[in-house]
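Asker: Here it is, the structure in full.
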Amino acid sequence: MFHWLKHYVRIQIAVAILSSLFLLIAPLPSKSDHIVANPVYARTKARQLLLQTAPKSPSIKHNILLHAPILGQLPQLENGCEVTSLAMLLQYEHISVSSTTLAKQIARDPTPLVINQNGHIASWGDPNDGFVGSITGRKPGFGVFHHPIALLLARYEPHQALDLTGTNWDTLLQVVKSGRPVIAWTTIYLAPVTNFVTWNSPSGPIHTTLFEHAVLLVGYNDTQVFINNPLTDSFQSVPMAAFRESWIQMGRQAVTIAPQGEPLTK
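Mind the numbering: the sequence shown is residues 1 to 266 in full-length UniProt numbering, read in order.
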């Protein structure tokens, strides 16, 4: 009996030691583990991964290049790429306004986010009417499309705000060549994506990608476009073909400033 008891005690001690070692080496739950499963957080995770490998101010040969200010959206405006691109455009035109000020002024669609039982977005706002979700990233956020950005630009440039959405690619390049940067909608990868989603809004169905992004187009050469990227807070060169396809995929959205006296049409 005594021999059996000693054997039992040895087993219990071994189990206790192994349990202690497991607690030491097991990773602690991260903050994200406690967030309710939500497809919008894939957007945040993708941005974080991109920031780890983002190129910085490449040395390139260029044909056309406009020297617009470079502004970053982080950390204050996790989803504020559109208003940050607008701030760069306005500052290029010598209008001193910050992205945080524009974030307070942009129209909003307050429709709440609803996730269905399958983990998909069932309903949310319409980015054609106003900013959808949280612009700071404190809560789930998406972004805003061209029309509200053009309207906000018109508050600062009442007779020169020009919405180029729907135009062709060559027109965008001609605008840049004429000396005007262009806010262009793309994806955070600056290339086409395949993961699109559809949700219901008060204005109708919205079909888009959660990796929507906006940058300031400032130049180009035969094979590349040059952008001020608010996500990476840097000037970048991007293969033109991929960027062009992502711009088409996002609905050919573009906003700029028209020269004095030019009709405000595409």
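A virtual CB, placed ideally from N, CA and C, is assigned to each residue, including glycine. As the structure is a prediction and not an experimental result, all values here were calculated from the model.
Name the one or two DSSP bridge partners that A184 has.
Answerer: Numbered from 1 along the sequence shown, position 184 holds the residue referred to as residue 184. Answer is V215 and A254, bridged to A184.
Asker: For A184 and Q91, what's the separation of their Cα atoms in angstroms?
Answerer: The residue given as residue 184 occupies position 184 in the sequence shown. The residue given as residue 91 occupies position 91 in the sequence shown. Rounded to the nearest angstrom, the two C-alpha atoms are 17 Å apart.
Asker: Which stretch, first to last residue, makes up the alpha helix (DSSP H) that contains L148?
Answerer: By one-based count along the sequence shown, residue 148 stands at place 148. Leu is not the amino acid found at residue 148; the sequence shown has Pro there. P148 -> alpha helix (DSSP H) spans H146 to Y156.
Asker: With H, G and I counted as helix, E and B as strand and the rest as coil, what does DSSP make of Q174?
Answerer: The count along the sequence shown starts at 1 and reaches residue 174 at position 174. Three-state result, Q174: helix.
Asker: Within 10 angstroms of the Cβ of F142, are there 16 or more other Cβ atoms? Answer buried if so, exposed if not.
Answerer: Here residue 142 corresponds to residue number 142 of the sequence shown, with the count starting at 1. Buried, by the Cβ-count rule.
Asker: Among I115, T171, Q236 and V83, which has the Cα closest to the Cα of L190?
Answerer: To locate residue 190, count along the sequence shown from 1; it is residue 190. The residue with the shortest Cα to Cα distance from L190 is Q236.
Asker: Since I188 and E82 should fall inside the 8 Å C-beta cutoff, what is the C-beta to C-beta distance between them, to a whole number of angstroms?
Answerer: Position 188 of the sequence shown holds residue 188. Position 82 of the sequence shown holds residue 82. That pair is no contact at about 13 Å.
Asker: Output yes or no for whether 7 Å exceeds the beta carbon distance between S85 and V215.
Answerer: Residue 85 sits at position 85 when you count from the first residue of the sequence shown. Residue 215 sits at position 215 when you count from the first residue of the sequence shown. Contact: yes.
Asker: Helix, strand or coil, according to DSSP, for V83 in the structure here?
Answerer: Taking the first residue of the sequence shown as position 1, residue 83 is located at position 83. Helix.
Asker: Under 8 Å by Cβ, that's how I've got G133 and N200 pegged, so tell me the actual separation to the nearest angstrom.
Answerer: Residue 133 sits at position 133 when you count from the first residue of the sequence shown. Residue 200 sits at position 200 when you count from the first residue of the sequence shown. The pair is not a contact, with the Cβ atoms about 15 Å apart (cut-off 8 Å).
Asker: So the alpha helix (DSSP H) S98 belongs to, where does it begin and stop?
Answerer: For the purposes of this step, residue 98 is taken as the residue at position 98 of the sequence shown. Premise fails: S98 is in no alpha helix (DSSP H) and is neither H nor E.
Asker: Candidates A241, H147, N168 and W124: which alpha carbon is nearest Q224's?
Answerer: Translated into positions along the sequence shown, residue 224 becomes position 224. Here the closest residue by C-alpha is A241.
Asker: According to the neighbour-count rule (16 or more other Cβ atoms, all chains shown, within 10 Å of its Cβ), is D170 buried or exposed?
Answerer: The residue you call residue 170 lines up with position 170 of the sequence shown. So D170 counts as exposed.
Asker: To which residues of the same chain is N63 closer than 6 Å at the C-beta, ignoring the five residues directly before and after it?
Answerer: Reading the sequence shown from its first residue, position 63 is the one you call residue 63. So the qualifying residues of the chain are N221.
Asker: Going by the DSSP bridge assignment, what does R108 pair with across the sheet?
Answerer: One-based indexing of the sequence shown puts residue 108 at position 108. R108 is bridged to F131.
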